[in-house]
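Q: Take the position in the sequence shown, starting the count at 1, then add 3; the result is the number in the numbering used here.
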Amino acid sequence: MSTDTPGIDPLQALRAPRDPACDVFLTGPVFLDIIFTGLDSAPVRGTESWARGMGSSPGGVANMATALARLGLRTSLAAAFGDDHYGEYCWDALEQGEGIDLSMSHTVPGWHSPVTVSMAYEGERTMVSHGHEAPAPAGAPASTGTTAPTGAAAPVPAFPRCPPRARAAIASLAPGRSEPWVATAARNGAMVFADVGWDETGRWDLDALPDLAHCEAFLPNAEEAMRYTRTDCPRAAAHALAERVPLAVVTLGAEGAYAVDGRTGVAAAVPAIEVEALDPTGAGDVFVAGFVTGTLADWPLADRLAFAGLTAALSVQEFGGSLSAPGWAEIAAWWQLIRTCASQDPAALERYAFLDDLLPTTARAWPLRRAVPTIGFRQ
4 MSTDTPGIDP LQALRAPRDP ACDVFLTGPV FLDIIFTGLD SAPVRGTESW ARGMGSSPGG
64 VANMATALAR LGLRTSLAAA FGDDHYGEYC WDALEQGEGI DLSMSHTVPG WHSPVTVSMA
124 YEGERTMVSH GHEAPAPAGA PASTGTTAPT GAAAPVPAFP RCPPRARAAI ASLAPGRSEP
184 WVATAARNGA MVFADVGWDE TGRWDLDALP DLAHCEAFLP NAEEAMRYTR TDCPRAAAHA
244 LAERVPLAVV TLGAEGAYAV DGRTGVAAAV PAIEVEALDP TGAGDVFVAG FVTGTLADWP
304 LADRLAFAGL TAALSVQEFG GSLSAPGWAE IAAWWQLIRT CASQDPAALE RYAFLDDLLP
364 TTARAWPLRR AVPTIGFRQ
């Protein structure tokens with residue numbers, strides 16, 4: 004469990020002796036992220052741009068794994084790590100720094116860590132990545148279908164033969180690709196939550212996402228949801244998706260999020276929290292982590308959306324994807340501060356009143372490990 008959860012276990016009231024030891028299982032590539040912030044505009048060809056800020060941190064699937072761990076969920080990650088200094092840094096940051104279980108992960112001799120350089124400006128980010136596919140451990144089954152767009156060398160994880168028993172699992176869907184571990188996790192009782200990337204094929208066919216059939220929840224952004232459902236409204240897209248999965252959640256950027264429970268027909272909409280964004284890297288991953296936490300804790304749908312949006316909003320105020328994820332102490336500090344602001348609408352604050360039953364009565368400083376300029380520094 005993350006060291007940033009001073010006495011707060013969101014699932015404490017639900018835990019039983021025979022429950023799985025793992026709350027959430029996930030797998031995917033871990034990148035070393037190098038983040039530049041404070042750019043006035045996009046880099047221009049033939050010129051040199053200077054950034055006013057810089058940080059480095061584990062990235063890729065590490066964003067979501069860290070966010071889950073910092074919210075008190077027992078998190079297990081299966082990933083390949085390079086045997087270079089970048090890989091050592093990422094392994095240490097996740098296992099020792101965040102308490103993430105890496106027993107299903109492995110180090111690949113002679114394989115270098117994937118790297119992403121992220122440049123944040125004007126509230127958006129531009130990324131350049133490099134990496135090679137990691138060889139699978141001996142005996143591990145390969146995924147079926149396409150693993151990367153034509154011509155790409157995007158690294159893919161070595162998927163485990165048998166994922167651990169877990170309350171939940173998180174998958175990243177891609178057209179034409181099926182991962183055997185997803186069906187196995189669902190058969191073993193895990194609720195599978197899935198996001199999806201941009202469809203480079205341009206088909207936008209839900210039937211091309213075979214693992215969607217095993218999912219409890221599907222969390223695309225508005226553009227992805229509308230393209231997959233052939234609708235021109237994010238809310239209509241959410242209702243259409245709820246006919247395919249029990250829970251459809253559509254993120255709306257600055258407008259918040261909208262969700263539909265396909266089993267009950269209940270829908271919920273929660274506006275976004277306005278913050279001054281430093282770096283949006285990983286905000287979507289933090290949103291998913293917050294929603295998974297609320298779902299496992301069996302909160303009402305609107306509370307889950309509000310909590311996910313809050314955690315994502317707090318994350319964009321810091322450098323990096325993984326190490327910007329908030330913990331409970333930061334959430335408590337926000338809740339304590341926001342209620343003292345005279346400009347806040349009491350009715351709007353009521354949306355977060357459910358936090359009173361979760362948070363300590365007084366917030367205290369709890370320094371989190373943050374992204375640093377180079378991996379040579381110790382914190």
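Note that the Cβ used here is the ideal one computed from N, Cα and C, for glycine as well.
Assess, as a yes-or-no matter, whether the stretch 228-235 is touched by the stretch 312-326 under the definition of 3 or more beta carbon pairs within less than 8 Å.
A: no
Q: How about Ile-173 and Val-291: are their beta carbons less than 8 Å apart?
A: yes
Q: Return the Cβ separation of Val-273 and Leu-308 in integer angstroms, given the expectation that the two are a contact with Cβ distance under 8 Å.
A: The beta-carbon separation of Val-273 and Leu-308, rounded to 4 Å, stays under the 8 Å limit for a contact.
Q: In angstroms with no decimal places, state the Cα-to-Cα distance between Ser-327 and Ala-54.
A: 19 Å
Q: For the putative contact between Thr-314 and Gly-293, defined by C-beta atoms under 8 Å, what is the C-beta separation to the nearest angstrom?
A: 4 Å
Q: Given that a residue counts as buried once 16 or more other Cβ atoms are within 10 Å of its Cβ, and exposed if not, what is Cys-218?
A: buried
Q: Could you tell me the distance, in whole angstroms, from the CA atom of Gly-297 to the CA atom of Gly-102?
A: 20 Å
Q: So, do the stretch 42-50 and the stretch 72-89 have three or more beta carbon pairs nearer to each other than 8 Å?
A: Segments in contact, no.
Q: Buried or exposed for Val-27, please, with buried defined as at least 16 other CB atoms from any protein chain shown within 10 angstroms of its CB.
A: buried
Q: Going by alpha carbons, who is nearest to Leu-358 out of Ser-325, Ser-346, Ala-300 and Met-194?
A: Checking every option, the nearest Cα to that of Leu-358 belongs to Ala-300.
Q: Given Leu-352, which residues of its chain have a CB within under 8 Å of its CB, disregarding the five upstream and five downstream residues?
A: Ile-341 and Arg-342
Q: Which of the three DSSP states is assigned to Asp-208 in this structure?
A: coil
Q: Would you tell me roughly how many angstroms separate the C-alpha atoms of Ala-271 and His-115, rounded to the nearest one?
A: 44 Å
Q: Chain C beta carbons: is any one of them nearer than 8 Å to that of Ser-60?
A: Here there is only one protein chain, and chain C is not present.
Q: Between Ala-335, Cys-344 and Tyr-261, which lies nearest to Gly-312 when the distance is taken from Cα to Cα?
A: Tyr-261
Q: Is the Cβ-Cβ distance between Leu-250 and Ala-220 less than 8 Å?
A: yes
Q: Which residue from Leu-42, Gly-192 and Val-263 puts its Cα closest to that of Glu-127?
A: Leu-42
Q: Is Ser-318 helix, strand or coil when you go by DSSP?
A: If DSSP states are grouped into helix, strand and coil, Ser-318 belongs with the helices.
Q: Check for me: the beta strand (DSSP E) holding Thr-298 runs from which residue to which?
A: Premise fails: Thr-298 lies in the alpha helix (DSSP H), 286-299, not in any beta strand (DSSP E).
Q: Would you check if the distance between the CB atom of Ser-237 and the CB atom of Leu-212 is smaller than 8 Å?
A: Sequence inspection shows Pro at residue 237; the Ser mentioned does not correspond to that position. Taking 8 Å as the Cβ cut-off, Pro-237 and Leu-212 do not qualify as a contacting pair.
Q: Relative to the C-alpha of Val-253, which candidate in Met-107, Glu-277, Ala-305 and Thr-69 has its C-alpha closest?
A: Ranking Met-107, Glu-277, Ala-305 and Thr-69 by Cα distance to Val-253 puts Ala-305 first.
Q: Arg-230: beta carbon under 7 Å from a heavy atom of the ligand ADP?
A: In the structure on display, the ligand ADP does not appear, and there are no ligands present to speak of.
Q: Specify the secondary structure class of Gln-347 as computed by DSSP and reduced to three states.
A: coil
Q: Would you kindly work out how many angstroms separate the C-alpha atoms of Leu-361 and Arg-77, rounded to a whole number?
A: 18 Å
Q: Can you tell me whether Gly-148 is helix, strand or coil according to DSSP?
A: Note that Gly-148 scores 46 on pLDDT, short of 50, meaning its location in the model is unreliable; the coordinates nonetheless yield the value given after this. Strand, per DSSP.
Q: Taking DSSP's pairing of strands, which residues face Val-248 in a bridge?
A: Val-248 pairs with nothing; no bridge assigned.
Q: Quick check on the DSSP output: the beta strand (DSSP E) that includes Val-273 runs from which residue to which?
A: 270-273
Q: Check the C-beta distance from Asp-214 over to Val-248 and give it rounded, since I have them as a contact under 8 Å.
A: Not quite, the Cβ-Cβ distance comes to about 11 Å (not below 8 Å), so this is no contact.
Q: Per DSSP, what kind of secondary structure is Leu-340 in: helix, strand or coil?
A: helix
Q: Could you tell me whether the Cβ atoms of Asp-36 and Ser-121 are closer together than 8 Å?
A: yes
Q: Which residues bound the beta strand (DSSP E) around Val-47?
A: Val-47 -> no beta strand (DSSP E), and no H or E assigned at all.
Q: With 16 other CB atoms within 10 Å as the buried threshold, where does Leu-80 fall?
A: buried
Q: So, helix, strand or coil for Leu-80, using DSSP?
A: strand
Q: So, for Gly-31: in the same chain, excluding its five sequence neighbours on each side, which residues have a beta-carbon less than 7 Å away from its beta-carbon?
A: Gly-63, Val-64, Ala-82, Pro-160 and Ser-175
Q: Does the Cβ-Cβ distance between Leu-97 and Pro-61 come in under 8 Å?
A: yes
Q: Could you please give the first and the last residue of the uninterrupted beta strand (DSSP E) stretch that includes Pro-61?
A: 56-63
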